[in-house]
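One structure below.
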Amino acid sequence: QKEVEQDPGPLSVPEGAIVSLNCTYSNSAFQYFMWYRQYSRKGPELLMYTYSSGNKEDGRFTAQVDKSSKYISLFIRDSQPSDSATYLCALVRGTYKYIFGTGTRLKVLA
Amino acid sequence: NAGVTQTPKFQVLKTGQSMTLQCAQDMNHNSMYWYRQDPGMGLRLIYYSASEGTTDKGEVPNGYNVSRLNKREFSLRLESAAPSQTSVYFCASSASEGYTFGSGTRLTVV
Numbered sequence: 830q831k832e833v834e835q836d837p838g839p840l841s842v843p844e845g846a847i848v849s850l851n852c853t854y855s856n857s858a859f860q861y862f863m864w865y866r867q868y869s870r871k872g873p874e875l876l877m878y879t880y881s882s883g884n885k886e887d888g889r890f891t892a893q894v895d896k897s898s899k900y901i902s903l904f905i906r907d908s909q910p911s912d913s914a915t916y917l918c919a920l921v922r923g924t925y926k927y928i929f930g931t932g933t934r935l936k937v938l939a
Numbered sequence: 047n048a049g050v051t052q053t054p055k056f057q058v059l060k061t062g063q064s065m066t067l068q069c070a071q072d073m074n075h076n077s078m079y080w081y082r083q084d085p086g087m088g089l090r091l092i093y094y095s096a097s098e099g100t101t102d103k104g105e106v107p108n109g110y111n112v113s114r115l116n117k118r119e120f121s122l123r124l125e126s127a128a129p130s131q132t133s134v135y136f137c138a139s140s141a142s143e144g145y146t147f148g149s150g151t152r153l154t155v156v
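From first to last, the protein sequence lines are chains E and V. The first sequence begins at 830 in this note's numbering and counts up one residue at a time. The second sequence begins at 47 in this note's numbering and counts up one residue at a time.
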């Protein structure tokens with residue numbers, strides 16, 4: 830069983846929709862939770878970083894962590910075609926132990 | 047505002063050839079990393095360097111060597127390339143919260 834599971838998609842939504850992206854994990858030792866966005870043929874870029882259960886909001890993006898269910902989500906409001914990318918979750922335990930999800934490919938249709 | 051710079055961007059090698067992937071960061075970060083990204087496998091850590099003068103193996107180190115030349119530069123060497131090393135390679139650096147990735151090197155071994 831993988832430590833982190835993420836649906837690969839693709840997920841296609843119309844412009845303006847609310848998008849929900851999710852990861853589940855099995856190890857309760859993870860302390861930090863991140864979301865990265867990766868455009869085609871580019872490196873991942875950090876979107877959101879959180880270390881506690883609950884919600885963290887940044888503009889149109891909300892990261893949600895539920896440690897009791899071992900479930901993390903990224904919500905995108907008012908989605909735009911420019912949001913079309915692959916979204917990677919990353920979970921961290923210790924200083925250098927990052928585990929990345931395989932990524933969900935999102936397409937926002939104009 | 048360069049961030050993390052990787053060279054080359056593309057490379058085709060024949061089986062058995064050697065090459066070095068270069069990475070430099072200008073953010074004064076202590077930690078640097080080499081990852082490979084393969085379809086369905088996500089990002090997997092090859093080697094990392096917590097600080098200048100130290101290097102450690104990650105999840106998939108076989109067939110690779112690294113050198114932390116100074117605080118800015120961290121190189122990855124393939125001594126005898128194999129088709130299984132065909133991948134996209136990302137260098138990253140970090141200070142505290144999250145990584146900054148380079149734009150990647152697409153390597154094909156034939």
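Note that beta-carbon positions come from the ideal geometry of N, C-alpha and C, so glycine has one too. Owing to the predicted nature of the structure, the values given are computational and were not obtained by experimental measurement.
- Here the alpha carbon of S857 (chain E) sits roughly 7 Å from the alpha carbon of K896 (chain E).
- Between N76 (chain V) and T51 (chain V), the alpha-carbon positions lie close to 16 Å from each other.
- In the structure shown, S133 (chain V) falls within a strand segment according to DSSP collapsed to helix, strand and coil.
- If you draw a straight line from the Cα of V106 (chain V) to the Cα of R82 (chain V), it comes to about 9 Å.
- Taking C-beta separations shorter than 6 Å and ignoring five residues to either side along the sequence, the partners of N851 (chain E) in its chain run S902, following chain order.
- Residue nearest to G99 (chain V) within the set V:E119, V:R123, V:V134 and V:Q57 is V:E119 (criterion: CA-CA distance).
- Counting only Cβ-Cβ distances below 8 Å, K871 (chain E) has contacts in chain V at S149 and G150, in chain order.
- Per the DSSP secondary-structure output, P843 (chain E) pairs in a beta bridge with E:L938.
- With fewer than 16 other Cβ atoms from the protein chains shown falling within 10 Å of its own Cβ, M73 (chain V) counts as exposed.
- For T132 (chain V), the CB contacts under 7 Å within the same chain, skipping 5 residues up- and downstream, are L153, T154 and V155 in chain order.
- DSSP places G88 (chain V) inside the beta strand (DSSP E), whose first and last residues are G88 to S95.
- Here the segment 833 to 853 of chain E lies against the segment 903 to 914 of chain E, with 3 or more beta-carbon pairs under 8 Å apart.
- Residue contact with chain V for T891 (chain E): absent (no Cβ-Cβ distance below 8 Å to any residue of chain V).
- Chain V has no Cβ within less than 8 Å of the Cβ of T915 (chain E).
- Under the Cβ distance rule, F929 (chain E) counts among the residues neighbouring chain V, one pair being separated by less than 8 Å.
- The Cβ-Cβ distance between R866 (chain E) and A919 (chain E) does not fall below 8 Å.
- Between F120 (chain V) and chain E, the shortest Cβ-Cβ separation is not below 8 Å.
- Along the length of the segment 840 to 889 of chain E, whole beta strand (DSSP E) runs at least 3 residues long occupy 840 to 843, 848 to 854, 861 to 867, 874 to 879 and 883 to 887, reported in chain order.
- Closest in alpha carbon position to S139 (chain V), among V:P54, V:E125, V:N108 and V:R114, is V:R114.
- In this structure, G932 (chain E) sits away from G109 (chain V), with a CB-CB distance that is not shorter than 8 Å.
- Exclusion of the five residues before and after R922 (chain E) leaves A858, F859 and Q860 as the residues of its chain whose Cβ lies within less than 6 Å of its Cβ.
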